[in-house]
Amino acid sequence: MLPFNDAGMVSGLLCGALFGWVLENAGFGSPCKLTGQFRLSDWSVLKVMFTAIVVAAAGLLVLQSLGWMEADAVFVPSAMLAAAAVGGLLVGAGFAVGGYCPGTSVVGLFSGRLDAGVFLLGLLLGTFAFAGLYGPAIESLMNAAEVMAGDTLPDAYGIPAWALVLGMAAALVGVFVWGGRFERASRGPVTANEAVEGAAP
Amino acid sequence: MDTKTAWHEHVRPVRPFWHPLWAGVALGLVLLLTFIWTGHGLGATGATTRLSAWMGLKMAPAFTAANPYLGPMVDNGHPLSSWISWQVLGVALGALASAFWAGRLRVQWDGERSIGRGRRIVTALVGGLLAGFGARVAAGCTSGLGLSGAATLSIAAFVFLAVFFVVGLLVTRVIRGV
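Chains as they are written, first to last, in the working numbering: chain A, 689 to 889; chain B, 715 to 892.
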């Protein structure tokens, strides 16, 4: 029965290496490519992330339908909605200002970008700031607006998982069509040559 | 060839990035493999948080041990000996290999040409600080909560991603960070 629940060094290194390999090949070490999503001139972030979500969600659904995996066998984040919203706000602002998210800053640093190293330093400082302020006030914020009925959309609201995956696949087609239109109406996606040169003036 | 250009800029030709569809399919399969192998998805800030705990232990042991957030991480043995630390080390190695092989490895301050090195250092530091704090509030980042959570149809993941994109769009209109 899946998953194997391995927690060892080999699975960590290998899954991580594949993750870093794919992110770098998608262009996600480049801060001007990443933030192009927010300028609406390069939709690679949404296209790649959304495609990956649909593929992985469909894969998990298939494994569960075949009876090879229990429905609740993989880790699902708790439905703490205030924490998710405040976190999304700060990580979104940090991405727009700093040019990376935490994972892509590692890719940026290891494709030679020193500013990504500074972003990583900022991540550590942000963690210390959080730890220093951690107490009842932050805890009550993090526990606010919890969905009690369940952590997933199917569990909490009874929406069938296959309907969600199909709906996301349809929305994904929209992202490629609409994103392509925005890209053609602007300067378009950042190429590898442009990314290697660094963000243009 | 310009004799002043560094060796690494012309030794290997710059290869184009993958098409977003194929990059997305590949990323989805890597994520699925991770779920099957380990029972959870991919992440990033789990490792930087443990690195913070480890650095805290080296620099301010009393504060770190007594801290209600970092303390428990230190109690459970060496904070860096965890799956997520190996995974982030793997990300570094995979990205380095890919960038080198594809001629995209170049040491630079990205953003120096657009906004200047001094300003770029400030935006990178402030951005990292905001993201680091936010990822602790949400108990996850774009990878761990957004990407991996959404694949499990988690409600928190969709809330995180929706707010992430809207705020990113708005802040980009006000501040140029790169």
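All C-beta atoms in this analysis are idealised placements derived from N, C-alpha and C, irrespective of residue type, glycine included. The structure displayed is predicted, hence computed values, not measured ones.
Practice task
Would you verify that the beta carbon of Gly-832 of chain B is, or is not, closer than 8 Å to some beta carbon of chain A?
Solution key: For Gly-832 of chain B, the closest Cβ of chain A is not nearer than 8 Å.
Problem - Test: Val-851 of chain B CB closer than 8 Å to a CB of chain A - result: It does: the Cβ of Val-851 of chain B has a partner Cβ on chain A nearer than 8 Å.
Exercise for the section: Return no unless some Cβ of chain B is closer than 8 Å to the Cβ of Glu-712 of chain A. Expected result: Closer than 8 Å to some Cβ of chain B, the Cβ of Glu-712 of chain A qualifies, so yes.
Exercise for the section: List the residues of chain B whose Cβ lies closer than 8 Å to the Cβ of Ala-771 of chain A, in chain order. Expected result: By Cβ distance, chain B contributes Val-851, Ala-852, Ala-853, Ala-870.
Exercise for the section: Have a look at Ala-662 of chain A and Gly-757 of chain B and give me their C-alpha separation to the nearest angstrom. Expected result: The structure shown does not extend to residue 662 of chain A, since chain A spans only 689 to 889, so no value can be given for it.
Exercise for the section: Following the continuous alpha helix (DSSP H) through Met-697 of chain A, name the residue where it begins and the one where it ends. Expected result: 697-714 is the span of the alpha helix (DSSP H), which, as asked, contains Met-697 of chain A.
Practice task
Step through the CB atoms of chain A and report whether any lies within less than 8 Å of the CB of His-754 of chain B.
Solution key: Using a Cβ-Cβ cut-off of 8 Å, His-754 of chain B counts as an interface residue toward chain A, since at least one Cβ of chain A sits closer than that to its own.
Problem - Distance, Gly-868 of chain A Cα to Met-715 of chain B Cα - result: At Met-715 of chain B, the pLDDT of 46 sits below 50, so the modelled position is not reliable; the number obtained from the coordinates is stated separately. In this model, Met-715 of chain B and Gly-868 of chain A are separated by some 36 Å (Cα to Cα).
Handout entry: Through-space distance from Leu-702 of chain A to Ile-750 of chain B, alpha-carbon basis
Key = Cα atoms of Ile-750 of chain B and Leu-702 of chain A: separation of roughly 13 Å, rounded to the nearest angstrom.
Problem - Ala-868 of chain B - partner residues in DSSP beta bridges - result: Note that residue 868 of chain B is Ser in the sequence shown, not Ala. Paired residues: A:Thr-840.
Exercise for the section: Would you kindly report the start and end of the unbroken alpha helix (DSSP H) that includes Trp-815 of chain B? Expected result: Boundaries of the alpha helix (DSSP H) around Trp-815 of chain B: 797-815.
Exercise for the section: May I ask you to report which of helix, strand or coil DSSP gives Met-856 of chain A? Expected result: DSSP places Met-856 of chain A in helix when its eight states are reduced to three.
Problem - Neighbour flag for Leu-812 of chain A against chain B, beta carbons, 8 Å - result: Yes - at least one Cβ of chain B is within 8 Å of the one on Leu-812 of chain A.
Handout entry: Beta-carbon proximity check, Gly-708 of chain A vs Val-878 of chain A, cutoff 8 Å
Key = Going by C-beta atoms, Gly-708 of chain A is not nearer than 8 Å to Val-878 of chain A.
Handout entry: Three-state secondary structure (DSSP) of Glu-834 of chain A
Key = When secondary structure is reduced to three states using DSSP, Glu-834 of chain A falls in the strand class.
Practice task
Kindly indicate if chain B contains any beta-carbon less than 8 Å away from that of Met-830 of chain A.
Solution key: Yes, its Cβ sits closer than 8 Å to a Cβ of chain B.
Problem - Per DSSP, the bridge partner or partners of Arg-850 of chain B - result: For Arg-850 of chain B, which the question treats as bridged, DSSP gives no partner whatsoever.
Practice task
Grab the span of the alpha helix (DSSP H) containing Asp-694 of chain A for me, first residue to last.
Solution key: First-last for Asp-694 of chain A: undefined, no H or E at that position.
Practice task
Classify Lys-735 of chain A as buried or exposed, calling it buried when 16 or more other Cβ atoms lie within 10 Å of its own Cβ.
Solution key: Of the other Cβ atoms in all chains shown, 16 or more fall within 10 Å of the Cβ of Lys-735 of chain A; this residue is therefore buried.
Practice task
Using three-state DSSP, classify Arg-890 of chain A as helix, strand or coil.
Solution key: Here chain A has residues from 689 to 889 only, and residue 890 of chain A is not among them.
Exercise for the section: Check whether the Cβ of Phe-870 of chain A lies closer than 7 Å to any heavy atom of the ligand MG, and answer yes or no. Expected result: This structure lacks the ligand MG, and indeed carries no ligand of any kind.
Practice task
Could you say if the segment 847-860 of chain A and the segment 739-750 of chain A meet the contact criterion of at least three C-beta pairs nearer than 8 Å?
Solution key: Under the 8 Å Cβ criterion, the segment 847-860 of chain A counts as touching the segment 739-750 of chain A, having at least three qualifying pairs.
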